[in-house]
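Following: one structure in structure tokens, then a few remarks.
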Amino acid sequence: MSAGETGRSTHLYPPSAEVVKKATISGMAAYQALCREAEQDYTGYWARLAKEHVSWQKPFTQVLDESNAPFYQWFADGRLNVSYNCLDRHVDAGLGGKVALIFEADDGQVTRVTYKDLLGRVARFANGLKARGIRKGDRVLIYMPMSVEGVVAMQACARIGAIHSVVFGGFSAKSVHERIRDAGTVAVITADEQYRGGKNLPLKSVVDESLALGGCDSVRTVIVYRRTGGTCAMVAGRDVPWEEVVAGQPEICEPEWVDAEHPLFLLYTSGSTGQPKGVQHSSGGYLLHAILTTKWTFDLKPDDVFWCTADIGWVTGHTYVAYGPLACGGTQIVFEGVPVYPDAGRFWRMIQDHKVSIFYTAPTAIRSLIKAAETTPAVHPSKYDLSSLRLLGSVGEPINPAAWEWYYEHIGGGRCPIVDTFWQTETGGHMITPLPGVTTLVPGSCTLPFPGIQAAVVDEAGHELEWGKSGILVVTKPWPSMIRTIWGDPERFKKSYFPQDFHGKLYLAGDGASRDAETGYFTITGRIDDVLNISGHRMGTMEIESALVSNPLVAEAAVVGRPDDVTGEAICAFVVLKRARPAAEEAKNIANDLRNWVAKEIGPIAKPKEIRFGDNLPKTRSGKIMRRLLRSLAKGEAITQDVSTLENPQILDQLKQAS
Ligand code: 6R9
Numbered sequence: 072m073s074a075g076e077t078g079r080s081t082h083l084y085p086p087s088a089e090v091v092k093k094a095t096i097s098g099m100a101a102y103q104a105l106c107r108e109a110e111q112d113y114t115g116y117w118a119r120l121a122k123e124h125v126s127w128q129k130p131f132t133q134v135l136d137e138s139n140a141p142f143y144q145w146f147a148d149g150r151l152n153v154s155y156n157c158l159d160r161h162v163d164a165g166l167g168g169k170v171a172l173i174f175e176a177d178d179g180q181v182t183r184v185t186y187k188d189l190l191g192r193v194a195r196f197a198n199g200l201k202a203r204g205i206r207k208g209d210r211v212l213i214y215m216p217m218s219v220e221g222v223v224a225m226q227a228c229a230r231i232g233a234i235h236s237v238v239f240g241g242f243s244a245k246s247v248h249e250r251i252r253d254a255g256t257v258a259v260i261t262a263d264e265q266y267r268g269g270k271n272l273p274l275k276s277v278v279d280e281s282l283a284l285g286g287c288d289s290v291r292t293v294i295v296y297r298r299t300g301g302t303c304a305m306v307a308g309r310d311v312p313w314e315e316v317v318a319g320q321p322e323i324c325e326p327e328w329v330d331a332e333h334p335l336f337l338l339y340t341s342g343s344t345g346q347p348k349g350v351q352h353s354s355g356g357y358l359l360h361a362i363l364t365t366k367w368t369f370d371l372k373p374d375d376v377f378w379c380t381a382d383i384g385w386v387t388g389h390t391y392v393a394y395g396p397l398a399c400g401g402t403q404i405v406f407e408g409v410p411v412y413p414d415a416g417r418f419w420r421m422i423q424d425h426k427v428s429i430f431y432t433a434p435t436a437i438r439s440l441i442k443a444a445e446t447t448p449a450v451h452p453s454k455y456d457l458s459s460l461r462l463l464g465s466v467g468e469p470i471n472p473a474a475w476e477w478y479y480e481h482i483g484g485g486r487c488p489i490v491d492t493f494w495q496t497e498t499g500g501h502m503i504t505p506l507p508g509v510t511t512l513v514p515g516s517c518t519l520p521f522p523g524i525q526a527a528v529v530d531e532a533g534h535e536l537e538w539g540k541s542g543i544l545v546v547t548k549p550w551p552s553m554i555r556t557i558w559g560d561p562e563r564f565k566k567s568y569f570p571q572d573f574h575g576k577l578y579l580a581g582d583g584a585s586r587d588a589e590t591g592y593f594t595i596t597g598r599i600d601d602v603l604n605i606s607g608h609r610m611g612t613m614e615i616e617s618a619l620v621s622n623p624l625v626a627e628a629a630v631v632g633r634p635d636d637v638t639g640e641a642i643c644a645f646v647v648l649k650r651a652r653p654a655a656e657e658a659k660n661i662a663n664d665l666r667n668w669v670a671k672e673i674g675p676i677a678k679p680k681e682i683r684f685g686d687n688l689p690k691t692r693s694g695k696i697m698r699r700l701l702r703s704l705a706k707g708e709a710i711t712q713d714v715s716t717l718e719n720p721q722i723l724d725q726l727k728q729a730s
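Just so we're aligned: the sequence shown equals residues 72 to 730 in my numbering.
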């Protein structure tokens with residue numbers, strides 16, 4: 072099995088009659104009817120769904136406002152509250168006693184939280200935020216472990232109309248600092264430490280370090296949830312324990328009714344420049360798509376136990392942990408730990424123990440668990456009772472057919488459809504995905520657009536290509552859960568996503584794709600910009616390069632991706648030092664130091680797997696680094712490209728081997 076082996080398999084997996092019969096969207100005719108409805112009356116289609124699935128405090132009369140395109144607005148004169156939709160409406164409907172969250176800690180301890188409990192906890196914390204002067208529109212940075220409190224913090228922000236910006240707990244102080252400053256953050260919610268795989272990892276001290284970097288005067292409050300009880304310095308007047316925030320606060324908090332376009336959150340993601348972008352999402356349109364995709368792609372039913380393994384620090388943990396399943400009144404797992412602790416059977420044991428029926432994870436996790444199962448029979452999935460499963464999902468990167476088949480056979484027992492969901496931080500929810508009761512599955516293909524989504528594969532000029540040809544993936548019509556802007560940088564929003572090459576009319580996903588000549592099924596071929604996908608996490612090559620060159624030893628650096636069996640892509644850095652090229656032993660030490668440096672600058676996920684040193688980098692006569700040559704070198708491929716424009720072709724030999 073190799074991650075290089077991408078693309079479609081030729082095996083077809085039609086849905087069983089049983090699955091079709093029970094599915095919410097049942098059969099191809101039902102799917103086509105929805106697509107037809109959207110084609111005939113695009114805004115009418117979305118308006119109907121928004122009325123049926125979202126509870127509005129004030130109904131909308133406008134649907135799509137294109138007057139300031141590409142800053143599209145949806146349901147703009149409607150008012151709602153996302154937290155009300157996720158909590159109150161279920162409690163009001165008599166579901167208060169239903170379990171909303173099943174929290175499993177790193178050490179295996181399990182806590183259940185009902186909808187009524189969760190509403191009470193969110194309301195108390197929301198009141199506590201208000202008591203600290205946090206108001207509608209304020210930006211609140213959340214740097215928390217996977218926890219009930221993490222979800223409570225997000226929901227409480229939504230309840231009072233504050234805009235959250237969740238930062239994954241693996242990001243460095245410098246990354247937190249950048250995000251605090253970019254958003255003009257007024258409060259930070261964090262924990263003393265987090266438990267992951269039996270280790271205590273710092274959180275609060277990272278926040279302290281980031282605030283000490285300066286320019287963070289906007290931050291007035293730091294709320295600290297005690298997770299591990301580890302030592303944790305508290306700054307008087309600024310830092311306050313979670314218990315103190317909620318102490319004496321009532322369990323009732325009137326939701327702040329906001330306009331549909333009010334920003335629900337910012338989520339920073341990598342782009343093709345060094346600076347991460349604060350992707351801004353709306354309240355109404357985002358919520359609608361979170362609900363629809365949870366109901367249709369995951370076919371979530373009242374008795375299901377849903378488990379999305381993503382951390383709340385990523386978009387998948389926003390839409391399919393913090394919002395979608397709650398808005399649909401579902402029961403879901405929130406998992407603090409990692410898939411390989413205490414052993415690589417953890418996921419399978421948890422599916423067995425909690426009778427999980429819908430399981431959603433990333434190809435990189437599947438590939439690493441395949442490896443573990445092959446070498447350690449005790450953690451092979453066949454050792455667990457996985458019969459509760461009825462649906463599987465994949466997200467974050469292309470899933471190679473071999474991993475797909477293994478997932479299907481060994482986890483799904485050959486009976487569970489796999490929804491390979493293509494989407495992005497910017498799209499808010501699934502864009503191209505199978506529906507379990509509709510789609511004949513083809514391993515390696517994300518199949519067809521979600522009903523109502525208009526996706527296409529085009530050439531450089533924006534013309535739609537014939538099926539069978541590879542090109543650029545675009546979305547041709549605005550959709551409710553689309554990115555609204557990049558926080559503080561509307562020009563970059565326009566340039567990145569609605570480029571003039573396409574007359575500002577097409578949404579550019581940043582991925583390449585092709586469509587099957589017969590079925591029109593989409594296969595994603597990977598990013599077409601300078602963004603890498605490491606274990607399903609986006610990393611900009613420029614971000615890593617800037618981190619490397621900020622090290623005093625480094626003169627120049629170029630970063631490329633190369634295929635990796637487990638992580639999909641791995642980071643390979645070519646580095647020129649200010650001093651002479653180091654010899655073998657010393658090169659190893661310097662490479663190690665640089666790896667740790669990058670971990671400190673950005674976070675451990677950005678650590679290059681390999682660093683090669685050269686006297687120079689391959690450059691054109693105009694001084695441009697020729698990355699495609701570096702990509703070939705990183706892969707170990709022979710250079711077959713034309714190198715006549717190279718200023719210094721002899722450098723290729725030097726960079727061929729890892730030093
Ligand atoms: C949800 C999420 C987005 C990028 C996207 C693409 C890749 C995600 C995929 C997939 C092939 C899938 N991607 N899902 N590629 N098949 N099912 O991952 O958001 O972190 O913003 O990443 O991930 O390259 O452009 P995000």
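Glycine included, each C-beta is placed from N, C-alpha and C at the ideal position.
Any contact of the stretch 359-367 with the stretch 169-187, i.e. 3+ C-beta pairs under 8 Å?
Segments in contact, no.
Could you pull the start and end residues of the beta strand (DSSP E) that residue 201 belongs to?
In this chain, residue 201 is not harboured by any beta strand (DSSP E); it is covered by the alpha helix (DSSP H) spanning 186-202.
Suppose you measure from the CA of residue 193 to the CA of residue 459; what does that come to, to the nearest Å?
Pairing residue 193 with residue 459, the inter-Cα distance amounts to about 31 Å.
With 16 other CB atoms within 10 Å as the buried threshold, where does residue 628 fall?
That one is buried.
Thinking C-beta only, is residue 475 closer than 8 Å to residue 452?
It is not a contact, given that the beta carbons lie outside the stated cut-off.
How long is the line joining the alpha carbons of residue 659 and residue 683, rounded to whole angstroms?
Taking the straight line joining both Cα atoms gives about 10 Å.
In whole angstroms, what is the alpha-carbon distance linking residue 145 and residue 337?
Rounded to the nearest angstrom, the gap between the Cα atoms of residue 145 and residue 337 is 18 Å.
What are the start and end residues of the beta strand (DSSP E) that includes residue 603?
Run containing residue 603: 602-605, per the beta strand (DSSP E) assignment.
Could you name the residues, in chain order, whose CB is less than 7 Å away from a heavy atom belonging to the ligand 6R9?
Residue list for the ligand 6R9: 340, 385, 386, 387, 465, 466, 467, 468, 469, 470, 491, 492, 493, 494, 495, 496, 497, 517, 580, 581, 582, 595, 597, 598, 604, 607, 608, 609 (CB closer than 7 Å to any heavy atom, chain order).
What's the C-alpha gap between residue 376 and residue 574?
Between residue 376 and residue 574, the C-alpha separation is close to 45 Å.
Should residue 650 go down as buried or exposed, given a rule of 16 or more other Cβ atoms within 10 Å for buried?
Taking all protein chains shown into account, residue 650 has fewer than 16 neighbouring C-beta atoms within 10 Å of its C-beta and is therefore exposed.
For a test of the three-state rule: what should DSSP assign to residue 111, helix, strand or coil?
Three-state result, residue 111: helix.
Quick one: using the 10 Å Cβ neighbour count with 16 as the cut-off for buried, is residue 164 buried or exposed?
Label assigned to residue 164: exposed.
Between the Cα of residue 512 and the Cα atoms of 220, 467, 485, which residue gives the shortest distance?
Residue 512 has its Cα closest to that of 485, out of 220, 467, 485.
Round the Cβ separation of residue 568 and residue 497 to the nearest angstrom and send it over; I've been treating them as touching at under 8 Å.
Contact flag correct, Cβ pair sits at about 7 Å.
Candidates 311, 123, 635, 534: which alpha carbon is nearest residue 366's?
Among 311, 123, 635, 534, the Cα nearest to that of residue 366 is on 123.
Write down the C-beta distance between residue 133 and residue 151 rounded to the nearest angstrom, noting that I regard them as a contact closer than 8 Å.
Contact between residue 133 and residue 151 does not hold, since the beta-carbon distance rounds to 14 Å and is not under 8 Å.
The beta strand (DSSP E) that contains residue 270, what's its start and end?
Segment 270-273, the beta strand (DSSP E) holding residue 270.
Taking only the alpha-carbon atoms, compute the straight-line gap between residue 652 and residue 501 and give it to the nearest angstrom.
If you take the alpha carbons of residue 652 and residue 501, they lie about 47 Å apart.
Report buried or exposed for residue 715, applying the criterion of at least 16 other Cβ atoms within 10 angstroms of its Cβ.
Burial call: exposed.
Restricting to Cα atoms, I'd like to know which of 593, 597, 661, 668 is closest to residue 616.
Selected option, being the one with the closest Cα: 668.
Sequence-distant residues of its chain with Cβ nearer than 7 Å to residue 304 (five each side left out):
Around residue 304: 279.
Going by Cα to Cα distance, which pick from 472, 719, 463, 255 is closest to residue 86?
Cα-wise, what sits closest to residue 86 is 463.
Assess, as a yes-or-no matter, whether the stretch 429-438 is touched by the stretch 571-588 under the definition of 3 or more beta carbon pairs within less than 8 Å.
They do not touch, by the three-pair rule.
Would you check if there are 3 or more beta carbon pairs closer than 8 Å linking the stretch 597-611 to the stretch 670-689?
Verdict: yes, contact present.
Between which residues of its own chain and residue 196 is the CB-CB distance below 6 Å, once the five residues before and five after are set aside?
Around residue 196: 223, 227, 317.
Relative to the C-alpha of residue 290, which candidate in 272, 274, 221, 209 has its C-alpha closest?
Among 272, 274, 221, 209, the Cα nearest to that of residue 290 belongs to 209.
Taking the straight line between their C-alpha atoms, what separation do you get for residue 713 and residue 685?
Cα to Cα, residue 713 sits roughly 21 Å from residue 685.
Rounded C-beta distance between residue 439 and residue 461? I'm assuming under 8 Å.
About 24 Å; that fails the 8 Å criterion.
Going by the beta-carbon positions, is the gap between residue 492 and residue 517 smaller than 8 Å?
Result yes, Cβ atoms of residue 492 and residue 517 sit closer than 8 Å.
Backbone secondary structure at residue 544 - three-state DSSP
Three-state result, residue 544: strand.
Whether residue 258 touches residue 211 by CB criterion (8 Å)
Judged by beta-carbon spacing, residue 211 lies within the 8 Å limit of residue 258, meaning their Cβ atoms are closer than that value.
Proximity to residue 162 [Cα-Cα], best of 191, 698, 703, 355:
Check the Cα spacing between residue 162 and each of 191, 698, 703, 355: the tightest is with 191.
Three-state secondary structure assigned by DSSP to residue 357
The DSSP-derived three-state label of residue 357 is helix.
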